[in-house]
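Worksheet: the structure to be examined is printed underneath.
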Amino acid sequence: MHRHLIDAPPLAMDADSIEAGRLDALDRFDVMDTPREEAFDRITRLIRNIFDLPIAIVSMIDGHRQWYKAYDGLGNREVARSETFCKYTMQELLPVVVPDARDDIRFARHPSVAGDPHFRFYAGVPLRTGDGHNIGTVCAIGYEPRQFSPRETAILCDLAQLAMDALELRQLAAVDSLTGVLSRRAFKEQGAHALALAQRHKHNLACIAFDLDHFKSINDRHGHAMGDKVLATVTQACREHLRGSDLFGRLGGEEFALLLPHTDRHSMIGVAEKLRQAVSHIVVSQGPSKVGVTASFGMAALDALTPEIDTLLANADAALYEAKAAGRNRCIAWRPANDAPKSPRRRVLKAGRIVFNNRMSSIDCTVRTLAEDAAGLDVTSAVGVPEIFNLAIRSDGFETRCRIISQTERHIEVEFC
5 MHRHLIDAPP
15 LAMDADSIEA
25 GRLDALDRFD
35 VMDTPREEAF
45 DRITRLIRNI
55 FDLPIAIVSM
65 IDGHRQWYKA
75 YDGLGNREVA
85 RSETFCKYTM
95 QELLPVVVPD
105 ARDDIRFARH
115 PSVAGDPHFR
125 FYAGVPLRTG
135 DGHNIGTVCA
145 IGYEPRQFSP
155 RETAILCDLA
165 QLAMDALELR
175 QLAAVDSLTG
185 VLSRRAFKEQ
195 GAHALALAQR
205 HKHNLACIAF
215 DLDHFKSIND
225 RHGHAMGDKV
235 LATVTQACRE
245 HLRGSDLFGR
255 LGGEEFALLL
265 PHTDRHSMIG
275 VAEKLRQAVS
285 HIVVSQGPSK
295 VGVTASFGMA
305 ALDALTPEID
315 TLLANADAAL
325 YEAKAAGRNR
335 CIAWRPANDA
345 PKSPRRRVLK
355 AGRIVFNNRM
365 SSIDCTVRTL
375 AEDAAGLDVT
385 SAVGVPEIFN
395 LAIRSDGFET
405 RCRIISQTER
415 HIEVEFC
């Protein structure tokens, strides 16, 4: 593998260390890409009603994007980090209030200020952890200039603290309220115990990860109520094919995972195919609307190169992305040991950069899985990313040449050259 330290002044490396600590703090809350939750939606409704503003957001910021845990008044769920107003709030200890974005040098030329939708007012408060890391923001946005009094700023700060309190409380939740399956944190905790038992007693263990194909279009075309009904129907259909000893968890909005004790590779593939067929037969009705659904499945079996639950999940995730890249509505197993990476993958949350075109072009990314010879990267869009590029992780002083082995619209799997 070709690695070298990235040339950077000491101050830049200090900033990279701070960013690495911030992402570690964000990772501890395990909140990115989780489903919407009423506790956070309530906060955005309060912001709009209290301040009479059209847009309210509770967001988290990872290596390449601002992702909305809750949002009111917007149609999208995330925006590139480079394009967000909140990147400035993230750098502060105190609230950031911009009465008129056209008069602020940081925002005046922003496309959303100079053009549609013509944002003018912004107020944001960082979501600060107990150990001093800003992991996200609570913000309010308006289309007209306005002043924000000290009393209003104090109220927004209280609402930001309520969001942090909700983040703390959600770590204790064991069951997903919509589907009744395990929450992501509970699934990983119980999964770690199941994996340790399998290793100790030397029995088989299999992991299946799946998500619903084109689920965003269901929400966009039929509304979130229909989307919720689809999710509940899918989980119920899957439960009918599972044993009482199997672990079933919801890891994201439409992303699920299963752990199957005493299940070998052959049986794992059979279970995944049975679930895929069950999902493909589902038709959900709500009023005059009817929605069919399919899902893509990735599988991984426990082996000697899988020391922990995050590695097993990362392997299943990689196979899932391969299934999606191959056309969706299919099952793909993680490669056999002799074809697998030489070291286990780890689930991580690191800020990365895709560098190409003789170092004249770069794209921010978030490194989600990492091994000695491979990685999984999240991007805002995979369009325009060349087949071969350099991956830089500045906080680790790491850079290496990469080759894309599979990709979807917003995720890239690479091997190191």
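In terms of this note's numbering, the sequence shown is numbered consecutively and its last residue is 421.
Ideal Cβ placement from N, Cα and C applies to all residues, glycine included.
| Asked | Found |
| --- | --- |
| Distance, Cα to Cα, arginine 106 vs arginine 254? | 43 Å |
| Cα separation between arginine 339 and glutamate 326? | 11 Å |
| Is DSSP giving alanine 386 helix, strand or coil here? | coil |
| Which ranges does the beta strand (DSSP E) cover as unbroken runs of at least 3 residues, wholly within the region 122-162, from first to last along the chain? | 125-132, 138-146 |
| Cutting at 6 Å between CB atoms, please list the residues of its own chain near alanine 318, excluding the five before and the five after it. | Arg349, Arg351, Thr373 |
| Are the beta-carbon atoms of isoleucine 47 and leucine 166 separated by less than 9 Å? | yes |
| Do valine 100 and tyrosine 126 have their C-beta atoms within less than 9 Å of each other? | yes |
| What is the rounded straight-line gap between the Cα of alanine 341 and the Cα of proline 311? | Only weak support is given to the placement of alanine 341: the predicted model assigns it a pLDDT of 48, under 50, and the question is left unresolved by the model. |
| Quick one: grab the DSSP three-state call for arginine 204. | helix |
| So the beta strand (DSSP E) histidine 415 belongs to, where does it begin and stop? | 415-420 |
| Closest by CA to valine 295, which one among Leu309, Leu235, Ala337, Ala330? | Leu235 |
| In chain order, what residues of the same chain have a beta carbon less than 7 Å from the beta carbon of tyrosine 80, not counting five sequence neighbours either side? | It should be noted that the sequence gives asparagine, not tyrosine, for residue 80. For asparagine 80, where only same-chain residues beyond five positions count, there are no Cβ hits under 7 Å. |
| In this structure, what does DSSP give as the bridge partners for cysteine 211? | Leu263, Ala304 |
| Could you tell me if lysine 220 is buried or exposed, where buried requires 16 or more neighbouring beta carbons within 10 angstroms of its beta carbon? | exposed |
| So glycine 79 is in the alpha helix (DSSP H); what residue range does that whole segment cover? | From DSSP, glycine 79 is part of no alpha helix (DSSP H); its letter is neither H nor E. |
| Mind checking lysine 206: buried by the 16 CB within 10 Å criterion, or exposed? | exposed |
| Is the distance from the Cβ of glycine 140 to the Cβ of lysine 73 below 9 Å? | yes |
| What does the Cβ neighbour count give for glycine 195, buried or exposed, with the cut at 16 atoms within 10 Å? | buried |
| How long is the line joining the alpha carbons of alanine 144 and glutamate 172, rounded to whole angstroms? | 22 Å |
| Starting from the C-beta of isoleucine 367, find all residues in its chain whose C-beta is less than 6 Å away, skip the five residues before and the five after it, and write them out in chain order. | Ile358 |
| Report the partner residues of glutamine 194 according to the DSSP bridge assignment. | DSSP lists no partner for glutamine 194. |
| Return the Cβ separation of alanine 375 and serine 347 in integer angstroms, given the expectation that the two are a contact with Cβ distance under 8 Å. | 5 Å |
| Residues in its own chain within less than 7 Å of methionine 64 by CB, not counting five upstream and five downstream? | Leu30, Val35, Met36, Trp71, Lys73, Ile139, Gly140 |
| Which residue from His68, Leu78, Leu98 puts its Cα closest to that of glutamate 87? | His68 |
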